[in-house]
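Read the structure below first, then the notes.
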Amino acid sequence: MTEKSLKTLPQPFKILALESSCDDTGCAILSSDGTLLAQKLHSQEEPSQLGGVVPEVAARAHLRHISEITQKTLKEAGLELKDIDVFAASTGPGLIGGLIVGANFAQGLALSTGKPFMAINHIEAHSLSPLISPSPLRSEKGVTPYLLLLASGGHCQLIGVKNVGNYTYLGGTLDDSCGEAFDKTAKALGLGWPGGPKLEKLAQGGNPKAYALPRPLMGRDHCDFSFSGLKTAVLRVIQPLSPEGLEKESPNIAASFQKAVTDILKDRVEHAIKRFPQAQALCVAGGVAANQSVRSTLEALASKEGMQFYAPPIKLCTDNAVMIAWAALLRLETGASTKVSAPMIRPRWPLSEMNF
Ligand code: KG4
Ligand code: ZN
60 MTEKSLKTLP QPFKILALES SCDDTGCAIL SSDGTLLAQK LHSQEEPSQL GGVVPEVAAR
120 AHLRHISEIT QKTLKEAGLE LKDIDVFAAS TGPGLIGGLI VGANFAQGLA LSTGKPFMAI
180 NHIEAHSLSP LISPSPLRSE KGVTPYLLLL ASGGHCQLIG VKNVGNYTYL GGTLDDSCGE
240 AFDKTAKALG LGWPGGPKLE KLAQGGNPKA YALPRPLMGR DHCDFSFSGL KTAVLRVIQP
300 LSPEGLEKES PNIAASFQKA VTDILKDRVE HAIKRFPQAQ ALCVAGGVAA NQSVRSTLEA
360 LASKEGMQFY APPIKLCTDN AVMIAWAALL RLETGASTKV SAPMIRPRWP LSEMNF
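Structure below.
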C-alpha cells in the first residue's frame with residue numbers, strides 16, 4: 060500500500076475516517092485545511108434493548124451499517140471515492156469484532172483506490188479531541204499542554220498531552236470505567252440504558268448526603284481509579300429496599316452515587332495535576348463529560364489551580380469519526396507518515412506507542 064506524508068500528499072487533501080470500536084458506526088470526511096466536509100453517525104439500538112453492549116451483536120450491526128454510512132457521508136460531501144486522498148480507521152483499543160469491520164472496510168477502500176490507509180489509536184483520537192478546530196488550545200504558536208480526563212463507557216484514564224505524539228499516561232481504572240459505574244448503578248435503580256443521563260436527571264431531586272458511600276482509592280498517591288467497590292456498596296443499599304422504598308429513595312441514592320463519583324474524579328485529577336505540572340489547561344472528554352456535576356466540579360478545580368478548562372462539544376466527546384479524521388490530520392501535520400507500523404487490529408494498544 061502506498062505510503063504518504065504531508066510532503067507527498069496533494070494540498071489540500073481529504074481524509075475519510077471510520078469509527079467502529081464500540082457501538083457507534085461513524086464516518087467523517089475532513090479537508091486538510093480543517094473543514095469538516097461531512098459526517099454521519101449511527102448509534103446502535105441493540106444496547107438499549109439488551110441492557111448493554113454485546114460485542115458480537117455490535118460487530119454484526121457495524122457490518123450492516125458501515126457501507127451505507129460511508130456512502131451517505133460521501134454523498135453529503137458531494138464527493139466520490141476517487142476524491143479521497145487518505146483513508147483512516149480506529150484499529151484499537153476497543154471491541155475486536157467492530158474494529159475488524161471498520162479497519163478492513165477502510166483498508167479495502169484504500170487498496171481499491173490505490174490510496175494510503177492510516178491506523179488510528181482510538182485513545183489518541185480522544186486525547187486529541189480538545190485540539191479539533193475551533194480549539195482554544197491550538198494556535199500558530201503550537202499546542203497548549205493540557206491534562207485530559209477521559210471518562211467514557213469504555214475508558215477512564217488521565218493523560219498528559221504536551222503535543223501531538225507526546226503523551227504521558229498518568230493513570231487509569233483498575234476495574235470498571237466511570238461510565239460503566241453510572242450504567243450499572245442506573246440499571247440497579249431500574250433506569251434504562253445508557254444509564255448516565257437518566258441517573259443524572261434522577262439525582263437532581265435527591266440529597267447527595269443521604270448515603271455515606273465509599274470513595275475507593277481517594278487520597279492515594281497515584282492517579283488510578285476504582286469504581287467496582289462503589290457499585291457494590293450501592294447494590295447493598297438497594298437490595299433490602301421494598302419496591303416502594305426504592306421508588307422513594309432512588310433520587311437520594313442517585314444523588315449520593317453521583318457525588319461519590321464526582322469526589323473521586325476531582326481527587327484523582329488533583330493528583331494528576333501534581334504529576335503533570337506542565338499542564339496549562341484541564342480538559343474532559345468521554346460521555347461522562349456531559350454530566351453537569353462532574354463538569355462544574357472540574358471547572359472549579361481548574362480555576363482554583365489557575366488552569367484553563369475546556370471540554371470539546373459533547374458530540375466530539377463521545378465516540379465519533381470526526382476525531383479519528385482529526386487524529387490522522389494532526390499526526391500527518393506533526394510529521395508522521397501514513398505507514399502502518401502496528402499490527403492491523405489492536406484490541407489493546409497502549410497510548411505510549413503513539414509517542415514520536
Ligand atoms: O463516550 P461514550 O459514548 O462511551 C463509550 O461508548 O465508550 O460515553 C457513554 C458513557 C455511558 O456509560 C453513559 O452512561 C455515560 O457515558 N454518560 C453519562 C452522561 N451522559 C453519558 N454519565 C453520567 N452523566 C451523564 N450525563
Ligand atoms: Zn471511545
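In my numbering, the protein residues as written are 60 to 415.
We put the CB at the ideal spot given by N, CA and C, even for glycine.
- The alpha-carbon of P299 is positioned some 26 Å away from that of L109.
- Bounds of the beta strand (DSSP E) holding V145 are 145-151.
- The Cβ atoms of Y205 and L341 lie closer than 8 Å to each other.
- Residue L133 holds the alpha-carbon nearest to the alpha-carbon of L95 among L133, K63, Q166.
- The continuous alpha helix (DSSP H) containing G167 extends over residues 155-172.
- By DSSP's assignment, L75 forms a beta bridge with I88, F146.
- Assignment of G201 by DSSP, reduced to helix, strand and coil, places it in the strand class.
- For the pair H121 and K307, the Cα-to-Cα distance works out to about 40 Å.
- Looking at the DSSP output, M177 bridges to A147.
- When DSSP states are grouped into helix, strand and coil, T393 belongs to the coil group.
- Here the alpha carbon of Q103 sits roughly 31 Å from the alpha carbon of A292.
- Following the DSSP letters along the chain, one finds H214 in no alpha helix (DSSP H), marked with neither H nor E.
- Residues G265, N266, A269, Y270 of the same chain have their beta carbon placed closer than 7 Å to that of N311, with the five preceding and five following residues left out of the count.
- Note on geometry: alpha-carbon atoms of F316 and P371 lie some 25 Å from one another.
- Annotated as proximal: P175 and T397, with beta-carbon spacing under 8 Å.
- Taking all protein chains shown into account, L75 has 16 or more neighbouring C-beta atoms within 10 Å of its C-beta and is therefore buried.
- Put simply, the region 220-227 does not touch the region 359-367. Fewer than three CB pairs are less than 8 Å apart.
- Boundaries of the alpha helix (DSSP H) around C237: 237-247.
- For S315, the enclosing alpha helix (DSSP H) stretches over residues 302-334.
- For the options P69, F284, L68, F72, the alpha carbon positioned closest to that of A331 is the one of F284.
- In the three-state scheme derived from DSSP, where H, G and I count as helix and E and B as strand, V296 is classed as helix.
- Across the structure, W252 and K260 are spaced so that their CA atoms are roughly 13 Å apart.
- Excluding the 5 residues flanking it on each side, A349 has same chain C-beta neighbours closer than 6 Å at I373, in chain order.
- In this structure, I404 sits near T150, with a CB-CB distance shorter than 8 Å.
- Within the same chain, G111, G212, W252, P253, G254, G255 come within 8 Å of D242 by CB-CB distance, once the 5 residues on both sides are set aside.
- If you look at K66, you'll find it isn't in any alpha helix (DSSP H); DSSP assigns it neither H nor E.
- In this structure V343 touches L208 by the C-beta definition: roughly 5 Å separates them, less than 8 Å.
- If you draw a straight line from the Cα of A169 to the Cα of L388, it comes to about 16 Å.
- DSSP, read as helix, strand or coil, puts Q339 in coil.
- V220 sits in a strand when the DSSP states are folded into three classes.
- Not one heavy atom of ligand 1 falls within 7 Å of the beta-carbon of T232.
- Cα atoms of T244 and S309: separation of roughly 11 Å, rounded to the nearest angstrom.
- The continuous alpha helix (DSSP H) containing H124 extends over residues 114-136.
- Here G254 carries a helix assignment [DSSP, helix/strand/coil].
- Selection S90, C282, V220, I159 evaluated against G230 yields C282 as nearest (Cα-Cα).
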